[in-house]
Ligand code: 2P0
């Protein structure tokens with residue numbers, strides 16, 4: 118493994134290495150999951166992770182879904198090491214290495230010619246990193262976005278880097294750059310070949326639309342059949358629809374979507390969210406050989422949402438699906454109780470009746486007879502494992518409480534009770 122890590126810097130040659138006395142430096146951050154409403158699919162540069170189109174997402178609240186990462190540096194560490202959910206994994210993964218290299222480059226740049234010996238010492242040390250999700254990785258919720266956003270946040274904190282970091286998170290996973298901000302976030306595709314203008318920025322903070330709610334319908338614990346990274350490149354190579362989407366459709370939709378968000382127009386936001394999810398899955402079908410992320414159950418949920426909206430005469434719920442069959446539903450707070458009851462009646466829970474709804478509280482609702490008849494047409498028992506109720510939330514956070522570090526004083530993972 119070739120590493121730029123610490124090259125040319127040795128603790129022994131740090132002048133007046135005051136901070137080298139410090140045995141262990143540690144920082145812990147949390148970072149959120151995001152769900153795209155204008156989808157990213159396809160790269161124009163697979164190494165720098167530069168997309169063929171801009172995208173826009175909603176950052177989900179970390180009370181329900183988050184990654185926590187601790188990064189530590191010590192002169193006593195003999196090699197870089199990484200643990201994910203308690204299991205040690207290969208730290209040599211090129212994307213992990215790209216994030217490490219870029220944060221360290223920014224730290225050096227920031228230090229410039231100054232006498233910041235603390236940073237200089239840290240930069241010469243190996244790192245240990247531990248990362249955990251507060252949700253099951255197997256649930257198919259976008260964990261790489263939160264994971265890389267958190268890795269970059271924790272490393273940046275460790276080295277005292279305060280620069281724009283979405284460009285670095287993007288090197289871990291494209292969608293990770295959007296998890297560097299809270300609320301409503303646009304990832305600008307950029308024009309430059311070096312990727313310096315392919316950045317995420319906030320369109321509106323999470324407080325902008327207080328009534329907006331998110332229901333994640335977890336329908337499958339299985340791993341996705343085709344990984345996004347491989348799938349999107351096959352789409353770039355074979356799908357004329359994807360080319361048209363990137364060149365013509367997305368630029369128009371982005372402008373519309375930003376307008377709907379600014380005006381808190383749920384009708385417009387919801388319709389465009391559904392249309393963009395559908396077009397993303399259409400580009401998957403247009404890929405050759407085709408990629409299928411939706412399954413019968415996802416199609417069942419799509420039909421249910423349309424029946425529900427038709428019954429009410431306007432858009433009350435909007436679905437979106439990523440590279441897997443789980444549904445993410447956007448709605449407004451005043452609709453949550455009723456729609457959750459519709460989902461419960463449509464997919465009666467098999468065993469976990471009391472854990473069927475998780476996250477933010479949901480009240481009870483009695484469904485009117487005409488709604489039942491019009492919307493709940495063919496119940497599929499047990500098909501939805503559970504519903505997670507959440508809302509838009511903030512970007513990465515620093516964890517001040519040292520008892521929350523995932524690494525102990527020995528630099529090894531410790532388990533929380
Ligand atoms: C998105 N997805 O915009 C789209 C919609 C999946 C469907 O971003 O290769 O895991 O790491 O850049 O970010 C999934 O792609 O792919 C994704 P890489 P990533 O959220």
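In the working numbering, the protein residues as written are 118 to 534.
We put the beta carbon where it would ideally sit given N, CA and C, even for glycine.
This one's a predicted model, so the numbers in the text were calculated from it and none came from an experiment.
Classification of residue i by the beta-carbon crowding that lies within 10 angstroms, buried from 16 upward
| i | result |
| --- | --- |
| residue 405 | exposed |
| residue 455 | buried |
| residue 439 | buried |
| residue 204 | exposed |
| residue 221 | buried |
| residue 251 | exposed |
| residue 274 | buried |
| residue 409 | exposed |
| residue 183 | buried |
| residue 249 | buried |
| residue 357 | exposed |
| residue 239 | buried |
Beta-carbon spacing of residue i, residue j below 9 Å
| i | j | result |
| --- | --- | --- |
| residue 215 | residue 437 | no |
| residue 177 | residue 507 | yes |
| residue 464 | residue 497 | yes |
| residue 312 | residue 166 | yes |
| residue 179 | residue 145 | no |
| residue 302 | residue 151 | yes |
| residue 266 | residue 297 | yes |
| residue 315 | residue 168 | yes |
| residue 331 | residue 443 | no |
| residue 476 | residue 504 | yes |
| residue 287 | residue 317 | yes |
| residue 446 | residue 334 | yes |
| residue 390 | residue 435 | yes |
| residue 459 | residue 488 | yes |
| residue 323 | residue 478 | no |
Under the three-state DSSP convention, the category residue i falls into
| i | result |
| --- | --- |
| residue 378 | helix |
| residue 441 | coil |
| residue 336 | coil |
| residue 125 | Because the pLDDT of residue 125 is 26, which lies under 50, any placement of that residue in the model is unreliable, and the question is left without a value. |
| residue 525 | coil |
| residue 436 | strand |
| residue 396 | helix |
| residue 138 | In this predicted model, residue 138 has a pLDDT of only 46, less than 50, meaning its place in the structure is not dependable; the value taken from the coordinates is given anyway. It is helical. |
| residue 426 | helix |
| residue 455 | helix |
| residue 74 | Nothing can be reported for residue 74: it is not among the residues displayed for the chain, which extend from 118 to 534. |
| residue 284 | helix |
| residue 484 | coil |
Which residues DSSP lists as bridging residue i, in chain order
| i | result |
| --- | --- |
| residue 506 | 332, 476 |
| residue 175 | 152, 301 |
| residue 319 | 302 |
| residue 158 | For residue 158, which the question treats as bridged, DSSP gives no partner whatsoever. |
| residue 183 | 149 |
| residue 250 | 184 |
| residue 274 | In DSSP, residue 274 forms no bridge with anything. |
| residue 262 | None, per the DSSP bridge assignment. |
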